[in-house]
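Residue numbers (UniProt numbering): 1 to 63.
Below, the structure is given as structure tokens:
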């Protein structure tokens with residue numbers, strides 16, 4: 001499996017799901033994305049989604 005394949009099949013989380021994991025408000029998650037602390041992907045409708053692996057890495061104290 002290539003890196004591109006992994007990104008295409010990886011689970012994406014909503015701002016609310018990320019917020020629940022970090023116990024913060026969803027608007028805080030959006031601010032983190034705007035500040036570059038968290039990478040966001042935009043859906044066709046313009047909504048933000050976050051890669052589960054990146055979020056789990058941050059939760060675990062990773063980069």
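Just so you know, even glycine gets a beta-carbon here, dropped at the ideal spot from N, CA and C.
Tell me the DSSP secondary structure of residue i in three-state form.
{"i": "residue 38", "result": "coil"}
{"i": "residue 23", "result": "coil"}
Which residues in the same chain have their Cβ closer than 7 Å to the Cβ of residue i, if we skip the five residues on either side of it in sequence?
{"i": "residue 33", "result": "40 and 48"}
{"i": "residue 14", "result": "49"}
{"i": "residue 42", "result": "48"}
{"i": "residue 30", "result": "15 and 48"}
Please list the terminal residues of the continuous alpha helix (DSSP H) segment that includes residue i.
{"i": "residue 56", "result": "52–59"}
Roughly how many angstroms separate the alpha carbons of residue i and residue j, rounded to a whole number?
{"i": "residue 50", "j": "residue 10", "result": "10 Å"}
{"i": "residue 45", "j": "residue 56", "result": "25 Å"}
{"i": "residue 22", "j": "residue 35", "result": "17 Å"}
{"i": "residue 37", "j": "residue 19", "result": "14 Å"}
So, for residue i: in the same chain, excluding its five sequence neighbours on each side, which residues have a beta-carbon less than 8 Å away from its beta-carbon?
{"i": "residue 53", "result": "10"}
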